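> Residues in the sequence shown are numbered from 1 upward in steps of one, following the UniProt record's numbering. Each residue gets a CB set at the ideal place from its N, CA and C atoms; glycine is no exception. For clarity, every value in this text was computed on a predicted model and none was experimentally measured.
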Amino acid sequence: SAYKIDQLQAMQWSSLLWSSTEAKAVAHCWQKTGLATPLRGNDEPDEDGEDEGVEEDDADGEIVDLMLKVVSISL
Numbered sequence: 001s002a003y004k005i006d007q008l009q010a011m012q013w014s015s016l017l018w019s020s021t022e023a024k025a026v027a028h029c030w031q032k033t034g035l036a037t038p039l040r041g042n043d044e045p046d047e048d049g050e051d052e053g054v055e056e057d058d059a060d061g062e063i064v065d066l067m068l069k070v071v072s073i074s075l
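#1: Reducing DSSP to helix, strand and coil, say where Thr21 ends up.
#2: Alpha carbon to alpha carbon, how far is Met11 from Ser19?
#3: Taking its Cβ as the centre, do 16 or more other Cβ atoms sit within 10 Å of Ala36, making it buried, or is it exposed?
#4: Tell me whether Ala27 is buried or exposed, calling it buried when 16 or more other Cβ atoms sit within 10 Å of its Cβ.
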């Protein structure tokens with residue numbers, strides 16, 4: 001039962017799920033928050049159908065910088 005798991009099992013499941021999550025999915029989630037610009041090769045227009053025209057190298061660099069900041073957060 002999902003309600004009768006211990007902390008170790010939950011941590012193991014979390015680790016398994018995180019390692020099987022594609023980087024593309026994580027980047028897409030960050031884009032949806034509005035905190036990150038689209039990755040290179042993402043042709044999805046914004047809500048009004050317009051392409052934001054973000055430089056590819058700038059977008060990739062911003063994503064990498066943001067992800068490094070997130071990783072450095074200690075809880």
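So, to answer that:
#1: coil
#2: 12 Å
#3: buried
#4: buried
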